[in-house]
Amino acid sequence: MSDVRVERLGAAETRLVAERIARAFLVLPATHWLVPDDSEREAVLADNFEILVGHAMAHGHVYATADRAAVAVWFPQVGDEVPPPADYDTRLAAACGEWVERFRHLDVLFAASHPHAGHHHLAFLAVAPDRQGQGLGSALLRHHHARLDADGVPGYLEASSEIGRDLYARHGYRAREIFRLPDGTPFYPMWREPAGA
């Protein structure tokens, strides 16, 4: 599906992107551990993701397909370090409520596995459930990978499912050491060298 049009988004679409990610991630086991209450999960996830997407609008790259069915959120980790989101702890507590300690635990796990070498971090890749399997996620990956390859910059991500892991492997990512949530749910850190490296 190489004719998919990809657009870089601005701050006005922060909430839309956060909601798209939350809806797509509802089926992931990790989100069930993060927010065990089915009736609260989507809203809590969207509020949490809004913090990170808003931060990426200022310090990273947020892309979507023209119809907004798929979104990708990247943070450059090359050169100057990206600062944390303003008032992160307070905002995280407000967004996640009684589940905030679970989100903090996940943050610690992510930080412990994050590489120190320069790279771009794919924080989120999400596709509307009814549009998955149509090449939209791959189109978003190809779009940013072209930039990474031109600049000679690696990519890094944490896949949260075997399906995601396998998709990223098809795009040149290689597995690193798995880490797990307290309930045993795995995350698959992955690294991609730029083409031609």
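Residues 259 to 455 (my numbering) are what the sequence shown spells out, left to right.
We put the beta carbon where it would ideally sit given N, CA and C, even for glycine.
None of these values were measured; they are calculated from a predicted model.
1) Label Met259 either buried or exposed according to how many other C-beta atoms from any shown protein chain fall within 10 Å of its C-beta, with 16 as the threshold for buried.
2) Could you have a look at His401 and say whether DSSP puts it in helix, strand or coil?
3) Just the Cα atoms here: how many angstroms apart are Asp409 and Leu380?
4) Taking 9 Å as the cut-off, decide whether the C-beta atoms of Ala280 and Ala304 are in contact.
5) Beta-carbon separation of His374 and Pro412 under 9 Å?
6) Thinking just about the alpha-carbon of each residue, which of Leu425, Glu416 and Pro440 is nearest to the one in Leu399?
7) Where does Ile421 land, buried or exposed, given buried means 16+ other C-beta within 10 angstroms?
8) Quick one: complete alpha helix (DSSP H) runs, 4+ long, within the stretch 308 to 342?
9) Below 8 Å on the Cβ atoms is my guess for Val385 versus Ala276; work out the distance and round it to an integer in Å.
10) Give the secondary structure of His363 by DSSP, where H, G and I count as helix, E and B as strand, and everything else as coil.
11) Which whole-angstrom value is the C-beta distance of Pro447 and Glu435, which I expect to be below 8 Å?
12) Any idea what DSSP makes of Gly355, helix, strand or coil?
According to the structure shown:
1) Because Met259 sits at a pLDDT of 46, beneath the cut-off of 50, its placement in the model cannot be relied upon, and the point is left open.
2) helix
3) 16 Å
4) yes
5) no
6) Leu425
7) exposed
8) none
9) Not a contact, Cβ separation roughly 15 Å.
10) helix
11) 7 Å
12) helix
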